[in-house]
Amino acid sequence: MMEANSRTELSALGEFGLIDRLASRIQLDQPTSVKGIGDDAAVVAPSIGVDGQAEHQVVTTDMLVEGVHFDLGYVPLRHLGYKSIVVNLSDVYAMNATPRQVVVGLALSNRFPVEAVDELYEGMLLACRNYGVDLVGGDTTSSRSGLVISVTAIGSAPKADIVYRNGASDKDLLVVSGDLGGAYMGLQILEREKAVFRDSGAQPDLDGHDYILERQLKPEARKDIIELLKKLGVRPTSMIDVSDGLASEALHLARSSGRGVRIYDEKLPIDPSTYNTARDFNLDPTTCALSGGEDYELLFTVAQSDFEKIKGNPSMSIIGHMTDAASGYHLVDKQGGSHELKAQGWDALLQR
Ligand code: ADP
Ligand code: MG
Numbered sequence: 368m369m370e371a372n373s374r375t376e377l378s379a380l381g382e383f384g385l386i387d388r389l390a391s392r393i394q395l396d397q398p399t400s401v402k403g404i405g406d407d408a409a410v411v412a413p414s415i416g417v418d419g420q421a422e423h424q425v426v427t428t429d430m431l432v433e434g435v436h437f438d439l440g441y442v443p444l445r446h447l448g449y450k451s452i453v454v455n456l457s458d459v460y461a462m463n464a465t466p467r468q469v470v471v472g473l474a475l476s477n478r479f480p481v482e483a484v485d486e487l488y489e490g491m492l493l494a495c496r497n498y499g500v501d502l503v504g505g506d507t508t509s510s511r512s513g514l515v516i517s518v519t520a521i522g523s524a525p526k527a528d529i530v531y532r533n534g535a536s537d538k539d540l541l542v543v544s545g546d547l548g549g550a551y552m553g554l555q556i557l558e559r560e561k562a563v564f565r566d567s568g569a570q571p572d573l574d575g576h577d578y579i580l581e582r583q584l585k586p587e588a589r590k591d592i593i594e595l596l597k598k599l600g601v602r603p604t605s606m607i608d609v610s611d612g613l614a615s616e617a618l619h620l621a622r623s624s625g626r627g628v629r630i631y632d633e634k635l636p637i638d639p640s641t642y643n644t645a646r647d648f649n650l651d652p653t654t655c656a657l658s659g660g661e662d663y664e665l666l667f668t669v670a671q672s673d674f675e676k677i678k679g680n681p682s683m684s685i686i687g688h689m690t691d692a693a694s695g696y697h698l699v700d701k702q703g704g705s706h707e708l709k710a711q712g713w714d715a716l717l718q719r
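Per my numbering, the very first residue in the sequence shown carries number 368; after that it's consecutive.
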């Protein structure tokens, strides 16, 4: 999906020409970005907290592989660039930290013209601007099989603020931001329209699915939730971002913390467009919310004493609570029946 009419071969610029071209569009804003593109390594100074102490740094990396994580048949490169940054920032926020720098590794096949790399970078740089992070370096190499994007994000936070997966206590409330299952249903729409196009040449009909398509193609990291919790004076006891599906992430929190967990089906936040699309596809909306993945919401636990501070907040839903380890992992259905909570993942969903 390239809009550009002109095509400049990568070989016309060469690796260094391409890097120069990318670097010329990059501007550094973080005071801790001492040296960006142009030397053997970027230089990043430690962040200093309000107490004058050096903050802890958090580092996370994610790799996106063409044909595995994305399909250029329906993902515009600008969106792909945006998403590749956002999914990394989501991991930094999930530590209750602030992202400050990213480095970007690219493996490009000569199928890509320079204009395609420009579009990819446009999306990446837009995400960097929106979240206030600097792109301080990367690596560029060739690929024989397709596009590979590897992004590493660096963030920081006062030591005492960092939230791990393993801090949940018995009876802590389980809370999730936003709503679930939308990104997965957006993907189903894109896959369906791709198949229609392949079989009949008909133009894709994406009307009326704006919300779930945006959830899939242009997700946002929940920076706002981290800020909101600080404002409310709530420090989560454990936290994780929802990339593989709620069930899987809830099990991570429970197992890391040595606890059990109970999730209530009727409490799961599902947008009406997600719900209706799931029904159109003969899928169970609850299953989509539990196992769909790529929602990039934050899942966290808070002490019961924080209930008053978060109850009724439209940005988050209390969906359950932690239990002692011996109680196990449960999903309580709308009739009150209890089922074992399992991380089905995408495969199970696709086999339905
Ligand atoms: P080296 O040979 O020392 O690895 P490179 O030629 O790979 O150096 O990189 C030169 C500079 O360009 C470095 O600052 C590196 O971080 C930056 N760089 C290379 N590729 C990219 C990219 N895709 N995006 C951003 N910066 C890049
Ligand atoms: Mg290099």
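A virtual CB, placed ideally from N, CA and C, is assigned to each residue, including glycine.
Query, Result
"Member of Leu657, Ser605, Glu675, Val410 whose CA lies at the smallest distance from the CA of arginine 532", "Ser605"
"Isoleucine 386 CB to nearest heavy atom of ligand 1 below 7 Å", "yes"
"Cβ contact check for the stretch 411-419 and the stretch 441-454: 3 or more pairs under 8 Å", "no"
"Helix, strand or coil at leucine 377 [DSSP, three-state]", "helix"
"Contact the stretch 497-516 vs the stretch 526-542: 3+ CB pairs below 8 Å", "no"
"Which listed residue (Leu487, Leu475, Gln711) has its alpha carbon closest to that of serine 512", "Leu475"
"Segment limits, beta strand (DSSP E) that includes alanine 524", "515-524"
"First through last residue of the beta strand (DSSP E) which encompasses isoleucine 694", "Residue identity check: residue 694 is serine in the sequence provided, not isoleucine. Here serine 694 belongs to no beta strand (DSSP E), and DSSP marks it neither H nor E."
"Straight-line gap, alanine 524 to glutamate 422 (C-alpha atoms, nearest Å)", "5 Å"
"Nearest neighbour of glutamate 594, chosen from Ser510, Phe437, Tyr498 [CA to CA]", "Tyr498"
"For aspartate 458 and valine 518, the rounded distance between their alpha carbons", "12 Å"
"Residues bridged to lysine 709 (per DSSP)", "Its beta-bridge partners do not exist; DSSP assigns none."
"Closest by C-alpha distance to aspartate 396, when choosing among Arg445, Gly434, Gln468", "Gln468"
"Closest Cα partner of threonine 375 within the set Asn477, Met430, Gln424, Asp387", "Asn477"
"For glutamine 555 and glycine 548, the rounded distance between their alpha carbons", "11 Å"
"CB of isoleucine 579 within 8 Å of CB of methionine 552, strictly", "yes"
"Element boundaries [alpha helix (DSSP H), containing lysine 597]", "590-599"
"Sequence-distant residues of its chain with Cβ nearer than 7 Å to arginine 388 (five each side left out)", "Leu380"
"Glutamate 576 in three-state terms, based on DSSP", "Residue identity differs from the one stated: residue 576 is histidine in this sequence, not glutamate. DSSP places histidine 576 in coil when its eight states are reduced to three."
"Cβ contact (3+ pairs, closer than 8 Å) linking the stretch 634-646 and the stretch 420-440", "no"
"Through-space distance from glycine 660 to aspartate 611, alpha-carbon basis", "4 Å"
"Of the listed residues Glu587, Gln671, Gly384, nearest to valine 609 (C-alpha basis)", "Glu587"
"Length of the line joining the Cα atoms of leucine 650 and serine 658", "12 Å"
"Cβ-heavy atom distance, isoleucine 686 to ligand 1, below 7 Å", "no"
"Spatially closest choice to cysteine 655 from Thr668, Val669, Leu665, Ala614, by CA coordinates", "Ala614"
"Whether alanine 464 touches valine 401 by CB criterion (8 Å)", "no"
"Contact belief for leucine 514 with phenylalanine 479 at Cβ below 8 Å, rounded distance in angstroms", "7 Å"
"Any chain D beta carbon closer than 8 Å to glycine 381", "Chain labels in this structure do not include chain D; a single protein chain is all it has."
"Segment contact, 8 Å Cβ cut-off, at least three pairs: the stretch 561-568 with the stretch 685-697", "no"
"Nearest-angstrom Cα separation, counted from threonine 427 out to alanine 483", "26 Å"
"Backbone secondary structure at leucine 487 - three-state DSSP", "helix"
"Enclosing alpha helix (DSSP H) for phenylalanine 674 [first to last residue]", "674-677"
"Proximal residues to aspartate 700 (C-beta, below 6 Å), its chain only, five neighbours per side dropped", "Asp632"
"Other residues of its chain near alanine 617: CB distance less than 8 Å, five sequence neighbours each side excluded", "Leu541, Val628, Ile630, Leu666, Gly687, Tyr696, Leu708"
"Cβ-Cβ separation, serine 544 to arginine 589 (assumed contact under 8 Å), whole Å", "5 Å"
"Ligand 1 heavy atom lying under 7 Å from the CB of leucine 389", "yes"
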